[in-house]
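**Q** Just so you know, we're using the working numbering here: the sequence shown kicks off at 27 and counts up by one.
Glycine included, each C-beta is placed from N, C-alpha and C at the ideal position.
One structure, as structure tokens, below. Some questions next.
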Amino acid sequence: MIVKQVELSDILVTNAYFYIDETTKHGFLIDPGAEAEKLLAIIEDNGWTIEKILLTHGHFDHIGAVEEIYRALKVPYFAHPKAQAYLTDSQLNLSAYFGNPIILNNAQYITDHNVMLSSNPEVKLEVISTPGHTQDAVVYYDAANHIAFVGDTIFKNSIGATHFPGGDMSQLLQSIKQKVLTLPDDTVLYSGHSESTTVAAEKKNFS
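If you want it as structure tokens, here you go:
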């Protein structure tokens, strides 16, 4: 599998990820938060086919380029059902406070333990609900390759903020301890705002 991290800069610097099958060059784009033209250029330059856009949660810095890429590639985008509130409310997704309100009305919704498949059934990510940073937060987990895209649930040596609407610290800690840190120790965690880390490395912060 190819995992390509791309730093996107708008109000905040946020990581987007390409998750691509090396053989078919098909796969997913995760959290396109800004700079749609940059992401589309990477797709074209590599000859990749994006089959789905996956969202870890509905904050503006993770969804800012969704509409443009959705229109350009004509591929569906997916989020947890509780993301509907965030995607359709520019105050809840925080974009209203930065002068560029974002409203997304065409999401498809996925629930805990759904499996996101590409045209190659070996390319798949399990949806794991991890509320706390937001109520719609999810992790996308590749058990075969020990990879997890964790959004803003956990970072290298840190955890997600809980002071935004829908945030809940006790819920976040429960999600991290019961959903993330129970994955195999060598699972690589790809987050929204830090370098990658591993389950084993982050367990040390919760001992």
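In or out: Tyr-123 buried (at least 16 other Cβ within 10 Å) or exposed?
**A** exposed
**Q** Within 10 Å of its beta-carbon, does Phe-232 have 16 or more other beta-carbons around it, so buried, or fewer, so exposed?
**A** exposed
**Q** Along the alpha helix (DSSP H) that carries Asn-183, what are the first and last residues, could you check?
**A** Here Asn-183 belongs to no alpha helix (DSSP H), and DSSP marks it neither H nor E.
**Q** Report the three-state DSSP secondary structure of Ser-201 (helix, strand or coil).
**A** helix
**Q** Excluding the 5 residues flanking Ile-56 on each side, which residues of the same chain have their C-beta closer than 6 Å to its C-beta?
**A** Tyr-43, Leu-80, Phe-175
**Q** Expressed to the nearest angstrom, what Euclidean distance is found between the alpha-carbon atoms of Glu-94 and Leu-66?
**A** Here the alpha carbons of Leu-66 and Glu-94 stand approximately 10 Å from one another.
**Q** DSSP state of Lys-100, grouped into three classes?
**A** coil
**Q** So if DSSP puts Asn-41 in a beta bridge, which residue, or which two residues, is it bridged to?
**A** Glu-33
**Q** If you draw a straight line from the C-alpha of Trp-74 to the C-alpha of Lys-64, how long is it?
**A** If you take the alpha carbons of Trp-74 and Lys-64, they lie about 14 Å apart.
**Q** Go through its chain and collect everything with a Cβ distance to Lys-203's Cβ below 7 Å, but skip five positions before and after it.
**A** Cβ neighbours of Lys-203 beyond the five flanking positions: Phe-232.
**Q** For Leu-209 and Ala-170, I'd like the C-alpha separation in whole angstroms.
**A** 12 Å
**Q** Whole angstroms is fine: what's the gap from Gly-84's alpha carbon to Pro-102's?
**A** 15 Å
**Q** When the Cα atoms are used, what is the spatial distance from Lys-217 to Tyr-112?
**A** Position check: residue 217 holds Ser in this sequence, whereas Lys was assumed. Straight-line Cα distance between these residues: approximately 20 Å.
**Q** With respect to the alpha helix (DSSP H) encompassing Phe-86, which residues constitute its N-terminal and C-terminal limits?
**A** 86-89
**Q** For His-139, which residues from the same chain have a beta carbon less than 7 Å from its beta carbon, with the 5 sequence-adjacent residues on both sides left out?
**A** Counting only residues of its own chain and dropping the five nearest sequence neighbours on each side, His-139 has a CB closer than 7 Å to the CB of Glu-152, Val-153.
**Q** Nearest-angstrom Cα distance between Leu-215 and Val-32?
**A** 15 Å
**Q** Applying the criterion that 16 or more other CB atoms from any shown protein chain within 10 Å of the CB defines a buried residue, is Thr-40 buried or exposed?
**A** Looking at its Cβ environment, which holds 16 or more other Cβ atoms inside 10 Å, Thr-40 is buried.
**Q** Rounded C-beta distance between Leu-207 and Lys-229? I'm assuming under 8 Å.
**A** Right, their Cβ atoms sit about 5 Å apart.
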